């Protein structure tokens with residue numbers, strides 16, 4: 001990895017790990033820290049700091065059975081709400097979830113694209129089933145990989161009333177709302193950092209109520225405005241009245257179950273989410289096309305809770321939290337009951 005400019009660091013604990021990663025991000029590198037649910041709890045304050053500093057950072061969470069130490073060698077999808085909301089204050093972060101072992105590569109690139117483009121920490125939610133799985137994977141052509149290069153701040157970006165040129169660390173890109181990424185030591189780009197609220201534009205410490213509301217709403221708008229692909233729906237007949245919606249590693253068993261039902265003559269549609277925050281912009285329209293929406297999850301209904309709250313859809317949960325992945329036959333039975341129930 002040294003030949004490709006990649007540095008690895010084994011920290012003494014979870015907090016040191018993300019602290020070093022955030023320091024690397026401040027220094028101009030795309031930083032990655034890996035953990036599971038209990039580690040996310042320990043890292044949460046520094047993730048909030050990364051939200052405030054608006055620096056690119058990947059947090060890879062290999063979900064396992066919880067709470068606490070729980071089932072360290074078993075799988076679960078119970079960290080979704082933790083990734084979404086597990087910080088103090090309004091601290092929104094994008095969430096991306098791979099569906100298969102091979103998809104972990106593309107999902108990681110997508111998470112990196114979002115982190116760099118929008119200057120934000122990003123969660124990549126895998127789980128024990130994916131982490132211990134394997135499948136054939138075609139090595140991509142290098143020229144087909146996304147370009148993750150970025151432009152660092154190089155000089156002043158604001159003109160004061162007296163005509164002087166200065167650097168504003170929170171002067172935002174009008175399209176992405178991302179702030180400039182200034183590498184420490186660059187002459188003229190000195191600026192204040194830390195977790196205390198900053199003034200819009202200048203980056204000075206500010207206790208002004210109106211400024212705080214502006215910054216909170218701007219950080220939320222930045223995440224809400226992230227460009228993600230539309231969700232694709234597999235509905236061959238176009239006549240299905242039931243949609244099964246999944247995320248993460250449930251893709252394999254859901255796909256196998258749907259295939260069994262269609263072979264048996266049932267009409268059922270399937271869609272699978274990679275982007276969990278923000279959701280694809282067409283998701284509401286997709287959900288509205290079906291009379292029934294069923295969401296299988298290896299938790300007690302966390303995605304279903306988000307879907308119900310945002311889209312006011314009566315999504316039905318089918319849940320399992322025994323540390324094991326779903327079985328295709330098990331899901332096929334449950335989905336058939338949902339179709340005819």
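In UniProt numbering, the protein residues as written are 1 to 341. Even glycine gets a Cβ: it sits at the ideal position worked out from N, Cα and C. As the structure is a prediction and not an experimental result, all values here were calculated from the model.
Under the assumption that residue 57 contacts residue 31 (Cβ atoms under 8 Å), give the Cβ distance between them as a whole number of angstroms. Residue 57 sits at position 57 when you count from the first residue of the chain shown. Residue 31 sits at position 31 when you count from the first residue of the chain shown. Rounded, the Cβ-Cβ distance is 5 Å, consistent with contact.
Mind checking whether residue 98 and residue 126 have CB atoms under 8 Å apart? Within the chain shown, the letter at position 98 stands for residue 98. Within the chain shown, the letter at position 126 stands for residue 126. Yes, the Cβ-Cβ distance between residue 98 and residue 126 is below 8 Å.
What are the boundary residues of the beta strand (DSSP E) that residue 387 is part of? Nothing can be reported for residue 387: it is not among the residues displayed for the chain, which extend from 1 to 341.
Is residue 114 helix, strand or coil when you go by DSSP? Looking up residue 114 in the chain shown gives position 114. Judged by DSSP in its simplified three-state form, residue 114 adopts helix.
In chain order, what residues of the same chain lie with their CB nearer than 7 Å to the CB of residue 72, ignoring the 5 residues before and after it? As a position in the chain shown, residue 72 is number 72, starting the count at 1. Closer than 7 Å at the Cβ level, and outside the excluded window around residue 72, lie 64.
Counterpart residues of residue 295 in DSSP-defined beta bridges: The count along the chain shown starts at 1 and reaches residue 295 at position 295. Answer is 317, bridged to residue 295.
Using the Cβ count rule (16 or more neighbours within 10 Å means buried), how would you classify residue 346? As shown, the chain starts at 1 and ends at 341. That puts residue 346 outside it, with no answer to give.
In terms of alpha-carbon separation, which member of 240, 112, 55 and 69 lies closest to residue 288? The residue given as residue 288 occupies position 288 in the chain shown. Of the listed residues, the one whose Cα sits closest to residue 288 is 240.
Rounded C-alpha distance that separates residue 269 from residue 195: Looking up residue 269 in the chain shown gives position 269. Looking up residue 195 in the chain shown gives position 195. Their backbone Cα atoms lie some 46 Å apart in a straight line.
What span of residues does the beta strand (DSSP E) with residue 65 cover, start to end? Counting from one through the chain shown, the residue named residue 65 turns up at place 65. Per DSSP, the unbroken beta strand (DSSP E) holding residue 65 starts and ends at 57–65.
Quick one: residues in its chain with C-beta nearer than 6 Å to the C-beta of residue 110, no 5 flanking neighbours on either side, listed in chain order? The sequence position of residue 110 within the chain shown is 110, counting from 1. Excluding residues within five positions, the ones whose Cβ falls inside 6 Å are 96.
Which of helix, strand or coil does DSSP assign to residue 72? As a first step, residue 72 must be located in the chain shown, where it is residue number 72. Note: residue 72 maps to strand in three-state DSSP.
Heavy atom of the ligand MN within 7 Å of residue 301 beta-carbon: Looking at this structure, you won't find the ligand MN or any other ligand, since it has none at all.
Do you know offhand how far residue 311's Cα is from residue 181's? Counting from one through the chain shown, the residue named residue 311 turns up at place 311. Counting from one through the chain shown, the residue named residue 181 turns up at place 181. Cα to Cα, the separation comes out at about 35 Å.
Where do the ends of the alpha helix (DSSP H) carrying residue 82 lie? Residue mapping note: residue 82 aligns to position 82 of the chain shown, counting from 1. Residue 82 -> alpha helix (DSSP H) spans 80–85.
Check the DSSP bridge columns for residue 158 and list the partner residues they point to. For the purposes of this step, residue 158 is identified with residue 158 of the chain shown, where counting begins at 1. According to DSSP, residue 158 shares a beta bridge with 166.
By the three-class DSSP mapping on this structure, what secondary structure does residue 126 have? Here residue 126 is taken as the residue at index 126 of the chain shown, counted from 1. Looking at residue 126 - three-state DSSP - the assignment turns out to be strand.
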